[in-house]
Each structure stands twice: as structure tokens, then as C-alpha cells.
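**Student:** Numbered per my numbering, the sequence shown spans residues 48 to 342.
Quick reminder that beta carbons are idealized off the backbone N, C-alpha and C, glycines included.
Have a look at the structure that comes next, please.
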Amino acid sequence: MKLVRAGLVFATAAATLAAPTRAEDIRLAPSSEDKWILNYAEQKCRLARYFGEEDDRYLMMLDQFQPGTHVTLTVAGDEMWRYAERDNVQLELSPLFSNLSVYADSVSFGDFRTAIFLGLTIAPKHDGEPEHSRYDVSGLPHINASALEGDAALKFSRRSGSITFELPGLAAALNALNDCTRDLVYSWGLDLDSQDRMRRKAEPINFQEIAERISNSYPSRAFHEGEQATLALRIIVDADGSIEECQVNEITSTRYLRSPACDEFGDRAMFAPAEDANGKPIKSYYAATIGYRIN
Numbered sequence: 048m049k050l051v052r053a054g055l056v057f058a059t060a061a062a063t064l065a066a067p068t069r070a071e072d073i074r075l076a077p078s079s080e081d082k083w084i085l086n087y088a089e090q091k092c093r094l095a096r097y098f099g100e101e102d103d104r105y106l107m108m109l110d111q112f113q114p115g116t117h118v119t120l121t122v123a124g125d126e127m128w129r130y131a132e133r134d135n136v137q138l139e140l141s142p143l144f145s146n147l148s149v150y151a152d153s154v155s156f157g158d159f160r161t162a163i164f165l166g167l168t169i170a171p172k173h174d175g176e177p178e179h180s181r182y183d184v185s186g187l188p189h190i191n192a193s194a195l196e197g198d199a200a201l202k203f204s205r206r207s208g209s210i211t212f213e214l215p216g217l218a219a220a221l222n223a224l225n226d227c228t229r230d231l232v233y234s235w236g237l238d239l240d241s242q243d244r245m246r247r248k249a250e251p252i253n254f255q256e257i258a259e260r261i262s263n264s265y266p267s268r269a270f271h272e273g274e275q276a277t278l279a280l281r282i283i284v285d286a287d288g289s290i291e292e293c294q295v296n297e298i299t300s301t302r303y304l305r306s307p308a309c310d311e312f313g314d315r316a317m318f319a320p321a322e323d324a325n326g327k328p329i330k331s332y333y334a335a336t337i338g339y340r341i342n
């Protein structure tokens, strides 16, 4: 029997012991003529850069669909298959954190042999938010890039080897990504000054009920075709807790999968609106990631 799983998820990463000595280590610098590229798309912001030279190039992309510390990381290149769909992969983003156990999905990506993608929180491990404070904020969420000034690097490792990407200029690039996601919020019709005064994000009161209904409603055509997907949900929540707008955007491309998430939220969700520093309700947004998986 196939186990079908769909649900609202949040990025997490668990600390593990460092990997033993590796047989092969690859280190890649950015391609000589390429710099960080920031793409202001209609529904997301994408930061990208090429690594390596000529016929051995790699591409790294960081996508955000809303402000915050969470990004979708995609890395494409010949050796990335070694880190796809494995349980023993360690990730290090120096000097910010090290030795995080991650699981990366495999995706096809253009002319590259292999690409992997995973959700990543760009924050120190000890800054992970406990469950009860997930909705507490100090203004519009953003990536604090100050710790990544200087010689930053991203490293995937297993017992059999590792691959490291040198990331010069990452802090400035992430600050530009923050600016892009602020522009996204403005494009949704939200007032940035009020979002900067926000102290608590909009919260679905009956989250478990909605999550269970989404989990039990895997789109049938997609299921029969074996299609899996990761999607970004974004809802505009008015100051009275009512839903003004709901949108689902693709993180991974889909052919048949059309999520019923907006229907479920629109029909049944009850929201506590966002609040400013004085506890006054304000119009804001709610965002989550939806993962559809067939095991």
C-alpha cells in the first residue's frame, strides 16, 4: 500500500555529529565572470549564482515567497546526485552554523545532470523558534545577514565526500533579497509601516483541522500519475481575521497537482489577526509550505 502524505510543514534542522574523514572533497569558487543575480519575479524573489568553469558548472538558487529566514535552496550540477534523497547528509553554512542533518529531494533542472532542493532556515541553530513563539515577531521578518560578512561558504557532506561552495558577497546579496521580499509585501497591498510595527503574525486558530483536511485530499489525478510537489501558500488576513485573498504558488513544477488548500482555508479557517506593538489588530498575511509526497 502506498502511504499518501500532504500537509503544512515548517522548516526544521536537527544537530548531528560531524561526519568522519571523507574520501573526496570538492571546493568550488564562483564562476569568474558571474556575480549574484537577484530576480524580482511576480510572486517570488530568487537569488542565483554560477560556480565552476566551462563544462563543469553548478548553479545555486535561493527562493523566497515571503519575508523571513526560510528559503528554498536549489543546487544543480554533476555531483549533486550524491546528496539527493539520502538520510546521512550534513549541511554547513559557515560561519553561521554547522553539522545540520538535512534531506534533499531530487529534481530535474534544464541541462544539469542533477539538482537537489530543500528548505533552509538562514539563522543560527540556537535562534530556532520554539512552538509557542512561532507567531511572535519584531516587525516584518527578514534574514539577519551580518554574521555572513566575509568568507561565507555552503558545504554538503557525507562519509564518501563533500562539496563546498564559496560564497563571497553573500551578506550583501541576502540584504538585497530582504529588500525584494519587502517589495513583494507591498505588491500584496499591505502597508509596510504597519508591517514593521507588527509584533504578532496572523495565526490560524484551527490549524490542525485544516492541516488534516489537506492531508486527506491528495489531488486524485496527481496521485495516480505519481506526481509530488512542494507549494507555497500565502493568505492575506484582514484586521478582523477574515480572509481577503489566498494564493498557492509552485515551489516545484507540477503538471496535474492543483492543491485544494485555498478552498479549505476559505471554507473553514478561523484566524486571529496580526497585531502591532499596542495589541491593535492589523491587516497582514499568513504563509506556509505545503508538501505533497507519495511514499
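Helix, strand or coil for leucine 239, going by three-state DSSP, please let me know.
**Tutor:** Residue numbering aside, residue 239 sits at position 192 when the sequence shown is read from its first letter. DSSP places leucine 239 in helix when its eight states are reduced to three.
**Student:** With a Cβ-Cβ cutoff of 9 Å, do valine 122 and tyrosine 97 count as a contact?
**Tutor:** Numbered from 1 along the sequence shown, position 75 holds the residue referred to as residue 122. Numbered from 1 along the sequence shown, position 50 holds the residue referred to as residue 97. Taking the C-beta atoms as reference points, tyrosine 97 is found no nearer than 9 Å to valine 122.
**Student:** Got a sec? Which residues, its chain only, sit under 6 Å from tyrosine 333 by beta carbon, not counting five neighbours each side?
**Tutor:** Counting from 1 along the sequence shown, the entry for residue 333 is found at position 286. Once the five neighbours on either side are set aside, the close Cβ partners of tyrosine 333 are Ala249, Ile282 and Val284.
**Student:** Rounding to the nearest angstrom, what Cα-Cα distance links serine 148 and threonine 299 in this structure?
**Tutor:** Within the sequence shown, numbered from 1, the residue matching residue 148 stands at position 101. Within the sequence shown, numbered from 1, the residue matching residue 299 stands at position 252. The alpha-carbon atoms of serine 148 and threonine 299 are separated by roughly 22 Å.
**Student:** Could you give the distance in angstroms between the alpha-carbon of lysine 330 and the alpha-carbon of tyrosine 233?
**Tutor:** Residue 330 sits at position 283 when you count from the first residue of the sequence shown. Residue 233 sits at position 186 when you count from the first residue of the sequence shown. Cα to Cα, the separation comes out at about 12 Å.
**Student:** Specify whether the stretch 127 to 138 and the stretch 205 to 217 touch according to this definition: at least 3 beta carbon pairs, one from each stretch, less than 8 Å apart.
**Tutor:** yes
**Student:** Just reading off the beta strand (DSSP E) that asparagine 296 is part of, what are its end residues?
**Tutor:** Taking the sequence shown and counting its residues from 1, one reaches residue 296 at position 249. Element bounds for asparagine 296: 290 to 297.
**Student:** Nearest by alpha-carbon distance to histidine 117: which of Ser155, Tyr265 and Pro188 is it?
**Tutor:** For the purposes of this step, residue 117 is taken as residue 70 along the sequence shown, with counting starting at 1. Per the Cα distances, Pro188.
**Student:** Run through the stretch 203 to 229 for me and flag every whole beta strand (DSSP E) of 3 or more residues, listed as ranges in chain order.
**Tutor:** 208 to 213
**Student:** Would you call glutamate 322 buried or exposed, if buried means 16 or more other Cβ atoms sit within 10 Å of its Cβ?
**Tutor:** Walking along the sequence shown from the start, residue 322 turns up at place 275. Glutamate 322 should be labelled buried.
**Student:** Please list, in chain order, all residues of the same chain as alanine 200 whose beta carbon is under 6 Å from its beta carbon, the five residues on each side excluded.
**Tutor:** On the sequence shown, residue 200 is found 153 positions in, with the first residue counted as 1. These residues qualify, in order along the chain: Ser141, Thr211, Glu213 and Leu214.
**Student:** Give me the residue from Glu272, Ser306, Asp226 and Asp287 with the minimum Cα distance to proline 264.
**Tutor:** Reading the sequence shown from its first residue, position 217 is the one you call residue 264. Looking at the sequence provided, one finds serine at residue 264 rather than proline. Comparing Cα-Cα distances from serine 264 to each of Glu272, Ser306, Asp226 and Asp287, the minimum goes to Ser306.
**Student:** Can you tell me whether aspartate 110 is buried or exposed? The criterion is at least 16 other CB atoms within 10 Å of its CB, across all chains shown.
**Tutor:** Taking the sequence shown and counting its residues from 1, the one referred to as residue 110 is at position 63. Label assigned to aspartate 110: buried.
**Student:** If you drop the 5 nearest sequence neighbours on each side, which residues of the same chain put their C-beta closer than 6 Å to that of cysteine 92?
**Tutor:** Numbered from 1 along the sequence shown, position 45 holds the residue referred to as residue 92. Closer than 6 Å at Cβ, skipping near neighbours: Gln111, Leu224, Cys227 and Thr228.
**Student:** Out of curiosity, what's the CA-to-CA distance linking leucine 304 and alanine 88?
**Tutor:** Here residue 304 corresponds to residue number 257 of the sequence shown, with the count starting at 1. Here residue 88 corresponds to residue number 41 of the sequence shown, with the count starting at 1. If I take the Cα positions, the gap works out to 22 Å.
**Student:** Where does alanine 123 sit, in a helix, a strand or coil, going by DSSP?
**Tutor:** Along the sequence shown, read from residue 1 onward, the residue named residue 123 stands at position 76. Correct three-state label for alanine 123: strand.
**Student:** How about threonine 301 and alanine 324: are their beta carbons less than 9 Å apart?
**Tutor:** One-based indexing of the sequence shown puts residue 301 at position 254. One-based indexing of the sequence shown puts residue 324 at position 277. Using a Cβ distance threshold of 9 Å, threonine 301 and alanine 324 do not count as a contacting pair.
**Student:** Can you tell me the Cα-Cα spacing of methionine 107 and isoleucine 84, whole angstroms?
**Tutor:** As a position in the sequence shown, residue 107 is number 60, starting the count at 1. As a position in the sequence shown, residue 84 is number 37, starting the count at 1. Near 10 Å, if we compare the C-alpha coordinates of isoleucine 84 and methionine 107.
**Student:** Please classify glycine 273 as buried or exposed, where buried requires at least 16 other C-beta atoms within 10 Å of its C-beta.
**Tutor:** By one-based count along the sequence shown, residue 273 stands at place 226. Glycine 273 comes out exposed.
**Student:** Between alanine 335 and phenylalanine 270, what straight-line distance do the alpha-carbon atoms span, to the nearest angstrom?
**Tutor:** Here residue 335 corresponds to residue number 288 of the sequence shown, with the count starting at 1. Here residue 270 corresponds to residue number 223 of the sequence shown, with the count starting at 1. Here the C-alpha atom of alanine 335 lies approximately 22 Å from the C-alpha atom of phenylalanine 270.
**Student:** Within the same chain, show all residues whose beta-carbon is closer than 8 Å to that of valine 136, passing over the 5 residues directly before and after it, in chain order.
**Tutor:** Taking the first residue of the sequence shown as position 1, residue 136 is located at position 89. Within the same chain, valine 136 has close Cβ partners Tyr130, Ser148, Val149, Tyr150, Ala151, Phe203, Ser204 and Arg205.
**Student:** Out of Pro77, Gln90 and Thr119, which one is the CA nearest neighbour of glycine 99?
**Tutor:** In the sequence shown, residue 99 corresponds to position 52, counting from 1. Closest option to glycine 99, Cα to Cα, is Pro77.
**Student:** Assuming contact is defined by CB atoms lying nearer than 9 Å, are alanine 192 and asparagine 222 in contact in what I supplied?
**Tutor:** For the purposes of this step, residue 192 is taken as the residue at position 145 of the sequence shown. For the purposes of this step, residue 222 is taken as the residue at position 175 of the sequence shown. In contact: alanine 192 and asparagine 222 (Cβ atoms closer than 9 Å).
**Student:** Among Val295, Gly197, Leu165 and Gly288, whose alpha-carbon lies nearest the alpha-carbon of glutamine 90?
**Tutor:** Stepping through the sequence shown from its first residue, residue 90 is reached at position 43. Of the candidates Val295, Gly197, Leu165 and Gly288, the one whose C-alpha sits nearest the C-alpha of glutamine 90 is Val295.
**Student:** Pick out whichever of Glu292, Phe254, Glu132 and Ala95 has its Cα sitting closest to the Cα of alanine 319.
**Tutor:** Mapped onto the sequence shown, residue 319 falls at position 272. Checked all of Glu292, Phe254, Glu132 and Ala95; the closest Cα to alanine 319 is Phe254.
**Student:** Could you name the residues of the same chain whose beta carbon sits closer than 7 Å to that of tyrosine 182, not counting the 5 residues immediately before and after it, in chain order?
**Tutor:** By one-based count along the sequence shown, residue 182 stands at place 135. Cβ contact annotation for tyrosine 182 (same chain, cutoff 7 Å, sequence separation greater than five): Arg247, Lys248 and Glu250, in chain order.
**Student:** Pick out the complete beta strand (DSSP E) segments inside the stretch 83 to 133, 3 residues or longer, and give them in chain order.
**Tutor:** 84 to 87, 92 to 98, 105 to 111 and 117 to 123
**Student:** Is it buried or exposed, glycine 115, if we count other Cβ atoms within 10 angstroms and call 16 or more buried?
**Tutor:** Position 68 of the sequence shown, counted from the first residue, corresponds to residue 115. Around the beta carbon of glycine 115, 16 or more other beta carbons sit within 10 angstroms, so the residue counts as buried.
**Student:** Distance, Cα to Cα, arginine 160 vs leucine 278?
**Tutor:** As a working note, residue 160 is residue 113 in the sequence shown. As a working note, residue 278 is residue 231 in the sequence shown. When rounded, the distance between both Cα atoms is 24 Å.
**Student:** Who are the near neighbours of glutamate 176 in its chain, counting only those whose CB is closer than 6 Å to its CB and skipping five residues on each side?
**Tutor:** Working through the sequence shown from its first residue, we reach residue 176 at position 129. Confidence at glutamate 176 is low in this model, with a pLDDT of 48, below 50, so its placement is unreliable and the value that follows should be read with caution. If we look at glutamate 176 and ignore the five residues flanking it on each side, it has no Cβ neighbours.
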